[in-house]
Amino acid sequence: MPSANDLAEKYDEAMDGFEGSEKKMEIDFVPISGEDPETLPIEGGMRTYRREFWSDVVALLNGTILLHDPQDRFDAYLISESSLFVYNDRVIILTCGTTLLLKTLPTMIKAAKDIGLEVSWFQYSRKNFLFPEKQQFPHTSFDQEVDFLHDIFPQGRPFVMGPMTSDHWYLFVADFIRREGECNGNRKIVDKDQMLNIYMYDIDPQVAQLFMRAESLIIPSIFQGEGQGELEEKQKELANSDFCATTEEATARSGIDKLMPDGSVVHSHLFEPCGYSMNGEGDGGKSYWTIHITPEAHCSYASFETNHSCESYHDLIRRVIATFRPKRMTTVEHIDQDSCISTSGPVIPVEIDGYRMDGRTLNEFGCKDYVVQMCNFNLQAAQ
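Start counting the sequence shown at 491; every next residue gets the next number (my numbering).
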């Protein structure tokens, strides 16, 4: 049981502001021999590296592995600063706070080379930070991140999507995919992935309270307050509130366990004094979905990500937004040319009751090999 001093220290840290928004890398690999990556055994490739290896990788970014569960097509790791997913031919890792994510990249590239794999596609992405002054090398600015990545991928290209004066999204891509017959209609299908990211800010306080330990020092921080007197008043008001005591309770009461009808929660964790993370699987173990929540009011944030294959993410986006009820949010959809969404029709923005879309950015890569759509939304004032 934490001591009063421990709780007081954690409360001070929570009130100082935590960077919930994640840095993310996806690294796709192919055999150096030129063989089709689909010939890799499901449990081969990067999955031949076990938890001990990935613990060392995560330590490089100043994190630790909390939970690990192998699925049919990938290994899911819940780490102290978000999530790691390891497929036989790719690695997806996202970390929040002041983690040093890019410092893990050389180690993973070398590990892949040691088992006969090389990078075919790389992406680094993140939202603009709430607290950029807290970041450390190589993450103190996007320019610094780009310089770091250009030393590894000189041909990589950086992008910024969205308005620089408000919510925007950074992207760095290095594409080495061999597309036979590119742009002439005689190509092999190699671009069939899709992914959804939802970044939510100022989530509903009644939702946020589900992801905090019911400690008297911590409870008031989910509400904005101007002084100690107001915080003490909220503390008394919430003293008898029905907060969640376990991870399982938070998952069920928030409705997270019902977000993916054809998926399931693999593992989840309720942090002390506050915060929540989970990993899930879908599509019969082929896809992942993950949620990370920072509930303190002054830096309230929740994120959702999945590579679930479907004809449209619109219904899923609406379910996620109805669950967390944020005041503002950004959606990012990554759509490959031969993905389920792309072959079902044009990529268009979602319409969400009660929200106004304040901007849309669409970027096409290569010969429309894939597109990225980013949209900003704000909660409309009640009429």
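Cβ atoms here follow ideal geometry from the backbone N, Cα and C, with glycine treated the same way.
ask   = Taking the C-alpha atoms as reference points, what is the distance between K748 and Q645?
value = Each residue's CA atom was taken as its position, placing K748 and Q645 some 42 Å apart.
message = In whole angstroms, give me the CA-to-CA distance for Q684 and H804.
response = Taking the straight line from one Cα to the other gives about 13 Å.
inquiry  = Runs of 3 residues minimum, wholly inside the stretch 590 to 629: which ones carry the beta strand (DSSP E) assignment?
reply    = Taken in chain order, the whole beta strand (DSSP E) runs of length 3 or more contained in the stretch 590 to 629 are 607 to 617.
inquiry  = Could you compute how far the alpha carbon of M702 sits from the alpha carbon of E512?
reply    = Distance between the alpha carbons of M702 and E512: 20 Å.
request  = Put D562 into one of helix, strand or coil per three-state DSSP.
outcome  = Here D562 sits in coil by DSSP.
inquiry  = For S754, list the residues DSSP reports as bridge partners.
reply    = In DSSP, S754 forms a bridge with E771.
ask   = Quick one: what does DSSP say E571 is sitting in, helix, strand or coil?
value = If DSSP states are grouped into helix, strand and coil, E571 belongs with coil.
query = According to DSSP, is H798 helix, strand or coil?
reply = Coil.
inquiry  = DSSP three-state label for R541, please.
reply    = Note: R541 maps to helix in three-state DSSP.
ask   = What's the C-alpha gap between T630 and F643?
value = When rounded, the distance between both Cα atoms is 20 Å.
query = From I838 to R616, what distance separates their C-alpha atoms?
reply = One alpha carbon belongs to I838, the other to R616, and they sit about 22 Å apart.
query = In this structure, does DSSP put V548 in helix, strand or coil?
reply = DSSP places V548 in helix when its eight states are reduced to three.
inquiry  = Let's see if you can read the secondary structure: which residues bound the beta strand (DSSP E) around Q684?
reply    = Q684 to Y691 is the span of the beta strand (DSSP E), which, as asked, contains Q684.
ask   = If you draw a straight line from the alpha carbon of S706 to that of V636, how long is it in whole angstroms?
value = Here the model assigns S706 a pLDDT of 48, short of 50, so the residue's position is not dependable and the matter cannot be decided.
query = What is the DSSP secondary structure of D826, reduced to helix, strand or coil?
reply = In the structure shown, D826 sits in a strand (DSSP, three-state: E or B).
request  = Below 8 Å on the Cβ atoms is my guess for N866 versus T820; work out the distance and round it to an integer in Å.
outcome  = Between T820 and N866 the Cβ distance is about 5 Å, and since that is below 8 Å, they are a contact.
inquiry  = Quick check on K514: buried or exposed, where buried means 16 or more other Cβ atoms within 10 Å of its Cβ?
reply    = Buried: at least 16 other Cβ atoms inside 10 Å.
key: R808 versus G606 - alpha carbon distance   = Straight-line measurement puts the Cα of G606 at about 42 Å from the Cα of R808.
key: Own chain, CB closer than 7 Å to Q625, minus 5 neighbours either side, in chain order   = Hits under 7 Å: T588 and F619.
inquiry  = Looking at F638: is its Cβ nearer than 7 Å to the Cβ of E509?
reply    = Contact: no.
query = For the candidate residues H798, L550 and E841, whose alpha-carbon lies nearest to that of L869?
reply = Measuring from the Cα of L869, the nearest candidate turns out to be E841.
query = Roughly how many angstroms lie between the CA atoms of Y689 and F564, to the nearest whole one?
reply = Straight-line Cα distance between these residues: approximately 24 Å.
request  = Per DSSP, which residues does A792 bridge with? Please list them.
outcome  = Residue pairing by DSSP places A792 opposite M690 and I783 in a beta bridge.
inquiry  = Tell me the DSSP secondary structure of L869 in three-state form.
reply    = If DSSP states are grouped into helix, strand and coil, L869 belongs with the strands.
Beta-carbon gap between V861 and I811 smaller than 7 Å = No, Cβ-Cβ distance for V861 and I811 is not below 7 Å.
key: Euclidean distance between Cα positions of K500 and E738   = Legend: pLDDT at K500 = 47, less than 50; position of this residue unreliable, no value from coordinates given.
query = Considering only residues of the same chain and omitting the five flanking positions on each side of G856, which have a CB-CB separation below 6 Å?
reply = None.
ask   = Buried or exposed: where does F627 fall if 16 or more other Cβ atoms within 10 Å of its Cβ makes it buried?
value = F627 counts as exposed, since fewer than 16 other beta carbons sit within 10 angstroms of its beta carbon.
request  = Quick one: give me the first and last residue of the beta strand (DSSP E) that F519 is part of.
outcome  = First-last of the beta strand (DSSP E) with F519: K513 to P521.
request  = Keeping to the same chain, check which residues put their C-beta closer than 6 Å to that of L661; ignore five residues upstream and five downstream.
outcome  = The beta carbon of L661 is closer than 6 Å to those of S615 and F649 in its chain, skipping five residues each way along the sequence.
key: Simplified DSSP state of M536, which is helix, strand or coil   = Assigned with DSSP and collapsed to three states, M536 falls in helix.
query = Can you give the Cα-Cα distance for V755 and E571, rounded to whole angstroms?
reply = One Cα belongs to V755, the other to E571, and the distance between them is close to 18 Å.
Local Cβ density within 10 Å of D633, reported as buried at 16 or more and exposed below that = If you draw a 10 Å sphere on the C-beta of D633, you find fewer than 16 other C-beta atoms in it, and that means exposed.
ask   = Which residue or residues does DSSP assign as beta-bridge partners of G849?
value = Looking at the DSSP output, G849 sits in a beta bridge with N866.
task = For the beta strand (DSSP E) containing L661, list its first residue and its last residue.
result = Segment W659 to D665, the beta strand (DSSP E) holding L661.
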